[in-house]
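I have placed the structure first, in the form of structure tokens, so that the comments after it can refer back to it.
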Amino acid sequence: MGVGPAVVAVLAVLLTPVLYLLISFLRVVAWSRRTGKVLEQFPGPTKHWLYGNLHQYNLPEEEGLLQALEFAEKYGKVFRLWWGPVRPCLTVVHPDTAKQILRKSDPKPGGAGYDLAMPWLGDGLILSKGAQWSRDRRLLTPAFHFEVLKPYVAVYNEGADILLKKLDTCSKSGESFETFSALSLCTLDIILRCAFSYQDDIQTKGASHPYVAAIKDLMRIIFYRAVRPHLYPDFIFYLTKEGRDFKKLCAYVHQLADDIIAKRRQTLEDSKEAGKEEITESRRKLDFLDILLHAQDEDGNTLSDVEIRNQANTFMFAGHDTTASTTSWVLYSLATHPEHQERVYQEVKGILGGREPAHLEWEDLSNLKYLTLCIKEAMRLHCPVPIIGRQISAPIEVEGKVLEVGTITDVNIWNIHHNPTVWGDDHMEYDPSRFLPENMKDKDPYAFIPFSAGPRNCIGQNFAMNEEKVLISRIIHKFKLEVVPDHPVEKVAEIVMKAKDGILLKVIPRT
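When you number the sequence shown by our numbering, it's gap-free, plus one each residue, and the end is 534.
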């Protein structure tokens, strides 16, 4: 008796995902055996047949960061770890070995977290590679020229004005404020204004604003999926509630960006027809979207709407949570070290004088010398982006061994910033004087890499530093900060460095 077409169809439906999983698993095993053979030549802890080294390396908890320090002390500049049974990874913990990975543009960002962000960010500057990355980098570099950055200082001040009103309410009620949530709203508000000239009471509405909620949930789901390898296959992930939510959220943020881009294109077309092609100061300031819409490569080709959307989403992803994390940890460092907070206050007070409103200007930023030391030391000590991943796209020699194409490497920035052979035995202490010119002159350029390093370093690092200077200066100028007693601050190394139960600070008005 033959098998009917209906039975064949049912079997095909049932067997297709099984075959897909089997083929995917065999490919992973083949890759694992090939790269693992090379990585086993590097020192590292003994792996468990199932867990690998996951049971010995308790990330994202702070305990995991400290364990990495122990591994570095035992194994040296680089060591091998296994994330489960089939995912070997080379972990880099010293400037010498970081340099070997980061000084070339070939190794693309790699690892689960990067791949899982692709449906949201697309081939933006973080995730693109090869010739496309080189083209995009050239096209986007003018967006971060200091002449473009200058007018953004006014936008930073506008965002700070709203934040200070919220802090003023806290000071009057005697309530503490949680730094990361407040600053994340502020930096998102600022970056939306700078990217799209988009204003919609982001800081006031908070999580009730659909875009704020979407960005928060997208980042949460990416991290949720990254630590659950069984959700890596798309067809499994999108069957889950998180996968369905992720798909809807991506559609929402893409549609919002598409609508803004289409509206701006129409405005430019209308301006051309009216004979006013240039963007005028009377209309609005030049923003990131303006630059993307006008960008042309060597052959005169412009960016498509999808390319513009990918770059804008990447700019917002990379530029708001990292800045919120940095600013939070700087404020925490100043609150726990009142002597440094006082020096920053006196410096800012000397610059602002009796200025009303108390807004910083572009020319002021280069004069905030002590604050700059404090920001850099907080970035070293607390490390806003603790780890970056790279996937080898061409053979690279590290410590005398040639890494295979496809090898995953983790550049553990937190470890590099706490390597006692680089920063001394007091590396866990907050000391801004480390960054005085005389103390940094003999340091390897790869010893301090909060914005990564090499050709694929953060293109927006000057934008971020300027924004941080304005926000911190404005806060310290108006309020004295104190930590909340009995509230422990324990690090969590997620996509950016956060605190497990938040950072609570008291704000006391200055008289």
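Think of the CB as a built atom: it goes at the ideal place given N, C-alpha and C, for glycine as much as any other residue.
The structure presented is a predicted model; accordingly, all values stated were derived computationally and were not measured.
Close beta carbons around residue i, own chain, < 8 Å, minus the five adjacent residues each side
i: Met339; result: Leu211, Ile214, Leu215, Ala218 and Ile238
i: Leu312; result: Ala218, Phe219, Ser220, Ile283, Ile284, Arg287, Ile331 and Ala335
i: Ser456; result: Leu396 and Asn462
i: Tyr12; result: Because the chain in this structure spans residues 24 to 534, residue 12 falls outside the shown range and cannot be described.
i: Asn485; result: Phe167, Phe169 and Leu172
i: Ala381; result: Leu375, Arg497, His500 and Lys501
i: Pro418; result: Val425, Leu426, Glu427 and Val428
Nearest-angstrom Cα separation, counted from residue j out to residue i
i: Pro68; j: Val115; result: 15 Å
i: Lys173; j: Thr164; result: 15 Å
i: Gly412; j: Lys270; result: 24 Å
i: Leu125; j: Glu422; result: 14 Å
i: Asp344; j: Asp448; result: 30 Å
i: Leu254; j: Arg248; result: 6 Å
i: Gly342; j: Val178; result: 15 Å
i: Glu304; j: Lys295; result: Low confidence applies here, because Glu304 scores a pLDDT of 43, under 50, leaving its location unreliable and the question unanswered by this model.
i: Pro468; j: Leu34; result: 59 Å
i: Ser196; j: Val515; result: 30 Å
i: Lys424; j: Trp446; result: 27 Å
i: Pro511; j: Glu386; result: 38 Å
i: Val30; j: Leu38; result: 12 Å
i: Gly229; j: Val235; result: 7 Å
i: Leu315; j: Arg533; result: 43 Å
i: His232; j: Ala470; result: 40 Å
i: Val250; j: Glu93; result: 23 Å
i: Glu517; j: Gly87; result: 12 Å
i: Leu291; j: Gln278; result: 20 Å
i: Arg306; j: Ala280; result: Any reading at Arg306 needs caution, since the residue's pLDDT is 45, under 50, leaving its predicted position unreliable; the model's value is listed next. Computed Cα separation, rounded: 21 Å.
i: Val353; j: Thr227; result: 24 Å
i: Met488; j: Glu265; result: 34 Å
i: Phe7; j: Lys100; result: There is no way to answer for residue 7, as the model of the chain reaches only from 24 to 534.
i: Glu379; j: Gly373; result: 14 Å
i: Asp146; j: Tyr80; result: 31 Å
i: Asp191; j: Ser351; result: 17 Å
i: Val428; j: Ala91; result: 25 Å
i: Tyr275; j: Val329; result: 14 Å
Sequence-distant residues of the same chain with beta carbon closer than 6 Å to residue i, five excluded per side
i: Arg242; result: As written in the sequence, residue 242 is Met, which differs from the Arg given in the question. Nothing listed; no residue qualifies.
i: Glu513; result: Glu85 and Lys523
i: Cys273; result: Pro142 and Trp143
i: Leu62; result: Arg103, Pro111 and Leu113
i: Gly182; result: Cys209, Asp212 and Ile213
i: Asp240; result: Leu272
i: Val51; result: Val109
Nearest candidate by alpha-carbon position, reference residue i, set the options
i: Pro66; options: Leu73, Leu190, Glu96 and Leu82; result: Glu96
i: Gly153; options: Ala516, Arg533, Lys514 and Arg479; result: Arg479
i: Ser496; options: Thr430, Gly376 and Val428; result: Gly376
i: Tyr137; options: Ile244, Asn462 and Ser351; result: Ile244
i: His78; options: Lys100, Ser55 and Pro108; result: Pro108
i: Glu384; options: Glu265, Lys270 and Asn180; result: Asn180
i: Met402; options: Pro380, Ala381, Ser356 and Ser416; result: Ser356
i: His117; options: Asn442, His277 and Pro418; result: Asn442
i: Phe48; options: Arg110, Trp105 and Glu93; result: Arg110
i: Thr58; options: Ile415, Lys521 and Glu490; result: Ile415
i: Phe102; options: His500, Val36, Asn438 and Leu148; result: Asn438
i: Cys193; options: Gly147, Asp322 and Lys503; result: Lys503
i: Lys2; options: Val176, Ile482 and Ser151; result: This structure does not reach residue 2, given that the chain is present from 24 up to 534, and the question cannot be answered.
i: Ser55; options: Cys481, Thr430 and Ile225; result: Thr430
i: Leu494; options: Tyr275, Thr263 and Val371; result: Val371
i: Asp4; options: Trp72, Glu321, His71 and Asn81; result: Only positions 24 to 534 of the chain appear in the structure, and residue 4 is not among them; the question remains open.
i: Val506; options: Ile482, Ile531, Ser389 and Ser327; result: Ile531
i: Asn76; options: Cys481, Leu82, Trp106 and Tyr98; result: Trp106
Beta-carbon contacts of residue i that lie in its chain and below 7 Å, excluding the five residues immediately before and after
i: Ala347; result: Phe203, Leu206, Ser207 and Thr210
i: Lys466; result: none
i: Val519; result: Asp344, Thr345, Ser348, Pro407 and Val408
i: Ile149; result: Pro132, Thr337 and Ala341
i: Gln222; result: Arg216
i: Gln319; result: Thr325
Proximity test, residue i beta-carbon vs the ligand ATP heavy atom, cut-off 8 Å
i: Leu113; result: In terms of ligand content, the structure shown is empty, and the ligand ATP therefore cannot be addressed.
Do three or more CB pairs link the stretch 394-405 to the stretch 180-189 at distances below 8 Å? They do not touch, by the three-pair rule.
Any contact between the stretch 142-160 and the stretch 428-437? By contact I mean 3 or more CB pairs, one from each, below 8 Å. No contact exists between the stretch 142-160 and the stretch 428-437.
Inspect the CB distances between the stretch 200-210 and the stretch 523-534 and report whether three or more fall short of 8 Å. Segments in contact, yes.
Unbroken stretches of the alpha helix (DSSP H), 4 residues or longer, contained in the stretch 119-166: Every alpha helix (DSSP H) of 4 residues or more that sits fully in the stretch 119-166 is shown, in chain order, as 135-139, 141-144 and 153-163.
Count the C-beta pairs between the stretch 252-269 and the stretch 29-48 that are closer than 8 Å, then say yes if the count reaches three, no if not. Touching, yes, given that three or more Cβ pairs across the two stretches are closer than 8 Å.
Minimum length 3: unbroken beta strand (DSSP E) runs contained in the stretch 321-387: Counting only runs of 3 or more, we get nothing.
Quick check for students: name the residue ranges of the beta strand (DSSP E) that lie wholly in the stretch 170-205, counting only runs of 3 or more. The stretch 170-205 contains no complete beta strand (DSSP E) run of 3 or more residues.
Please list the segments of the alpha helix (DSSP H) lying wholly inside the stretch 203-254, counting only runs of 4 or more residues, in order along the chain. The stretch 203-254 contains these whole alpha helix (DSSP H) runs: 225-228 and 233-249.
Secondary structure, alpha helix (DSSP H): runs of 4+ residues fully inside the stretch 400-472: The qualifying runs are 436-440, 443-446 and 460-463.
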